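Worksheet: one structure, shown below.
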Amino acid sequence: MSSNSRETKIPDKTEMKGRCELNRNFKLKARVSSSKARIIRRALDALVPKGSVRKVGDEFVVETEMEGASAKELNRTLLSALRKAEKKTTLRAEWTSHNNTTERFFAYVLKKTIRN
40 MSSNSRETKI PDKTEMKGRC ELNRNFKLKA RVSSSKARII RRALDALVPK
90 GSVRKVGDEF VVETEMEGAS AKELNRTLLS ALRKAEKKTT LRAEWTSHNN
140 TTERFFAYVL KKTIRN
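Going by my numbering, the final residue of the sequence shown carries number 155, and the count climbs one at a time with no gaps.
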């Protein structure tokens, strides 16, 4: 199966058995880069149906809201889905929770937490 035909999606609650049941809303601001822009654009359009995805230079700028147990879990799920579509994908993301705590990630790694 070619990477062009793979379907990417965020798992729903029934697929996330054994995980924290308490979901919160997070605002996402992210920059996504990849060597195969067309494939990543299609994946982002499928993963981020509400919100905006813009091409800026060699990157995509994503702004949306997502619901999940934690910023770390959402970040891991999003990047895993993007890398399923194209292995060489980089994600720089800021997830802001309802209490204005922002967590910055580079790929899977939490780089900084800012409490406002």
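Glycine residues also receive a C-beta, built at the ideal position from the N, C-alpha and C atoms. None of the values given here were measured: they were computed from a predicted structure.
Taking the CB atoms as reference points, tell me whether T128 and S73 lie closer together than 8 Å. In the sequence shown, residue 128 corresponds to position 89, counting from 1. In the sequence shown, residue 73 corresponds to position 34, counting from 1. Yes; because the gap between Cβ atoms is below 8 Å, this pair is in contact.
Beta-carbon within less than 8 Å of N64's beta-carbon, same chain only, minus the 5 sequence neighbours each way: which residues are those? Translated into the one-based positions of the sequence shown, residue 64 becomes position 25. So the qualifying residues of the chain are E104, M105, E106, S136, H137.
Do you know how far the Cα of L117 is from the Cα of L86? As a position in the sequence shown, residue 86 is number 47, starting the count at 1. As a position in the sequence shown, residue 117 is number 78, starting the count at 1. So the two alpha carbons sit approximately 8 Å from each other.
When the Cα atoms are used, what is the spatial distance from C59 to F145? Translated into positions along the sequence shown, residue 59 becomes position 20. Translated into positions along the sequence shown, residue 145 becomes position 106. Residue placement at C59 is flagged as unreliable, the pLDDT there being 49, under the threshold of 50; the coordinate-derived value follows with that caveat. Answer to the nearest angstrom: the Cα atoms are 23 Å apart.
Cβ distance (whole Å) where R131 is taken to contact A69 below 8 Å: For the purposes of this step, residue 131 is taken as residue 92 along the sequence shown, with counting starting at 1. For the purposes of this step, residue 69 is taken as residue 30 along the sequence shown, with counting starting at 1. Here R131 really is in contact with A69; their C-beta atoms are around 6 Å apart, less than 8 Å.
Contacting residues, own chain, Cβ-Cβ under 7 Å from N62 (five flanking each side not counted): Looking up residue 62 in the sequence shown gives position 23. Answer for N62: E106, G107, A108, listed in chain order.
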